[in-house]
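Okay, so here's the structure we're looking at.
There are 2 protein chains.
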Amino acid sequence: MNRDDALRLDNQTCFALYACSREITKLYRPFLDELGITYTQYVALLALWEQDDVTVKQLGARLYLDSGTLTPLLKKMEAAGLVERVRDPSDERNVRIRLTGGGQKLKERAYEVPGKAFCRAGVPAEESEELRDRLAAFLRRIHQTTMEE
Amino acid sequence: MNRDDALRLDNQTCFALYACSREITKLYRPFLDELGITYTQYVALLALWEQDDVTVKQLGARLYLDSGTLTPLLKKMEAAGLVERVRDPSDERNVRIRLTGGGQKLKERAYEVPGKAFCRAGVPAEESEELRDRLAAFLRRIHQTTMEE
DNA sequence: TAAAATTAAATTGTGTACAATCGAATATTA
DNA sequence: TAATATTCGATTGTACACAATTTAATTTTA
């Protein structure tokens with residue numbers, strides 16, 4: 180591969196990721212619209228449905244987001260009645276995020292979202308799963324790097 | 180896979196993409212900082228280095244971005260002396276984007292960016308390339324869907 | 001234990017993304 | 001060809017992302 184080929188857009192894994200991620204979000208949007216949530220709110224809920232009552236820090240570690248993104252996001256979700264934000268009495272630096280009844284209930288309607296989205300695009304589950312596992316391995320390595328240095 | 184497993188964050192290909200894309204951008208940032216450009220400006224330049232003198236529409240088709248994102252982006256790049264934006268006299272609806280001398284020259288310094296980034300993370304070229312090709316296939320299918328409907 | 005260091009969340013400022021709308025230019029059609 | 005439809009880029013408004021800074025609370029250390 181020569182110098183110019185190395186800079187071709189279609190040879191960039193970073194661009195494939197960037198484009199793919201945004202297109203997938205567009206694929207999900209109509210189904211998330213029905214639930215009245217954005218994509219970022221959706222992944223925050225996925226994390227909370229798995230483990231409720233976590234600090235902003237913990238949620239950020241799970242989603243690779245910091246308080247600069249999460250604080251306004253969680254305030255909107257609180258205003259929408261999905262979560263509550265409570266200062267931890269035992270350590271006032273922490274804010275704990277807890278699902279409300281409405282936030283828990285929304286999970287029922289979310290079960291069908293991933294299936295609908297991938298069905299819409301006609302992506303076979305196998306292909307998607309294999310891609311997912313490769314990305315997970317990739318992510319671990321990248322994240323380790325950006326954390327260490 | 181039961182219902183709850185289907186909603187686990189680590190089982191979502193969409194989340195793996197979303198997280199991976201943002202972490203990759205962080206990996207590139209220090210090298211792009213040296214060039215004085217953002218990640219989105221970088222991919223716009225990659226496209227223009229490959230094919231110069233294109234309309235905003237054409238550039239958007241290549242990057243999966245619309246004028247809502249591109250117009251302010253290109254104005255900043257124009258202000259930075261990287262491109263010029265000229266109304267096409269033969270069809271005044273179009274705005275053609277052309278690299279300036281400075282924009283062309285920056286390519287010289289960009290050649291080493293991808294290598295540095297992946298070296299930094301210790302990702303083997305093979306693994307990256309295979310991932311890239313899988314993503315490209317995935318992207319084609321998804322994009323076709325979001326366009327058709 | 002009082003001062004210094006660390007931690008967590010919030011805030012500030014910049015830069016995308018993207019849906020929806022707008023206004024001008026061009027193409028289509030009745 | 002005049003009216004209609006389409007296309008393109010710009011604009012508007014909302015919602016992230018994220019670096020950098022700030023503020024308050026807690027730990028660590030001299």
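One line per chain: the protein sequences are A and B, in this order.
Residue numbering for the first sequence follows the numbering used here, beginning at 180 and increasing consecutively.
Residue numbering for the second sequence follows the numbering used here, beginning at 180 and increasing consecutively.
Built from N, CA and C at the ideal position, the CB exists for glycine as well.
{"Item": "7 Å CB neighbourhood of residue 299(B) in its chain, flanking five on each side removed", "Value": "206"}
{"Item": "Buried versus exposed call for residue 307(A) [16 or more other C-beta atoms within 10 Å across all chains shown]", "Value": "buried"}
{"Item": "Residue 274(A), enclosing beta strand (DSSP E) - first and last residue", "Value": "274-278"}
{"Item": "Exposed unless 16 or more other CB atoms sit within 10 angstroms - verdict on residue 256(A)", "Value": "buried"}
{"Item": "Extent of the continuous beta strand (DSSP E) run through residue 266(B)", "Value": "262-266"}
{"Item": "Coarse secondary structure for residue 217(B), derived from DSSP in three states", "Value": "coil"}
{"Item": "Closer than 8 Å to chain B by CB, residue 202(A)", "Value": "yes"}
{"Item": "Backbone secondary structure at residue 222(A) - three-state DSSP", "Value": "helix"}
{"Item": "Selection from 193(A), 302(A), 271(A) that minimises the alpha carbon distance to residue 219(B)", "Value": "193(A)"}
{"Item": "Chain A contact residues for residue 193(B), given Cβ-Cβ distances below 7 Å", "Value": "203, 207"}
{"Item": "Residue(s) in a DSSP beta bridge with residue 234(A)", "Value": "275(A)"}
{"Item": "Residues from the stretch 214-238 of chain B in contact with chain A, defined by Cβ distance under 7 Å", "Value": "222, 225, 226, 228, 229"}
{"Item": "Cβ-based burial, residue 302(A) [other Cβ within 10 Å; buried from 16]", "Value": "buried"}
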